[in-house]
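Numbering (this note's numbering), first residue to last: 1 to 191.
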């Protein structure tokens with residue numbers, strides 16, 4: 001029994017190590033498949049298995065090794081999503097509309113320009129308007145998203161974004177960031 005197992009093992013190894021040696025693929029495929037069937041003769045092999053060609057090139061001597069390997073199934077990566085949705089609260093600076101939350105779809109590897117373009121379409125911006133994006137944290141403007149080439153990957157899904165519809169042409173206009181905070185008085189007296 002041990003001798004038969006060793007013989008089968010040596011036969012399998014010699015078949016695996018045998019190369020195409022320049023022979024036509026059809027001839028080598030038939031040889032590999034016949035040897036595979038001789039070791040694995042079943043209806044499952046007949047119906048569910050196949051072969052794929054594996055070509056390796058040695059980086060040192062440039063020898064090419066071609067083998068045909070049997071398979072029952074192949075693992076293929078699932079396509080990752082190429083888009084993501086982002087929700088933005090849109091404010092009208094002239095007070096003509098109540099703030100609304102808009103959800104837009106943008107490329108995963110997109111930039112702020114893609115988000116601004118999607119918001120512009122979704123909000124039906126006029127030709128005289130543009131969108132000014134900010135990130136909100138702790139009810140305050142945390143950062144201005146002014147760089148149109150900034151990657152959207154730097155914005156997490158749970159980050160709160162706001163956009164302000166402002167006029168495009170505002171010559172010599174400065175933005176003034178107002179911060180309103182309530183001062184809490186201490187109830188402890190010293191003295």
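All residues carry an ideal CB built from backbone N, CA and C; glycine is no exception.
Because the structure is a prediction, the values reported are computed rather than measured.
Requested in this report: List the whole-angstrom C-beta distance separating residue 125 from residue 133, where the pair is believed to meet the contact cut-off of C-beta under 8 angstroms.
Outcome: Between residue 133 and residue 125 the Cβ distance is about 13 angstroms, and since that is not below 8 angstroms, they are no contact.
Query raised in the report: So is residue 72 buried or exposed if we call it buried at 16+ other beta carbons inside 10 Å?
Result: exposed
Query raised in the report: Can residue 108 and residue 81 be called in contact, C-beta distance under 8 angstroms?
Result: yes
Requested in this report: Please state whether DSSP places residue 37 in a helix, a strand or coil.
Outcome: helix
Query raised in the report: So, helix, strand or coil for residue 93, using DSSP?
Result: coil
Query raised in the report: Taking the alpha helix (DSSP H) that residue 122 falls in, what are its first and last residues?
Result: 112-122
Requested in this report: Determine contact between the segment 108-123 and the segment 143-163, defined as no fewer than three beta-carbon pairs at a distance below 8 angstroms.
Outcome: yes
Requested in this report: Kindly list the residues whose CB is nearer than 7 angstroms to the CB of residue 111, restricted to its own chain and excluding five residues on each side of it in sequence; keep chain order.
Outcome: 148, 149, 150, 151 and 152
Requested in this report: Leaving aside the five residues before and after residue 136 along the sequence, list all residues of the same chain whose C-beta is less than 6 angstroms from its C-beta, in chain order.
Outcome: 160 and 162
Query - For residue 130, the residue or residues it bridges with in DSSP - result: 166
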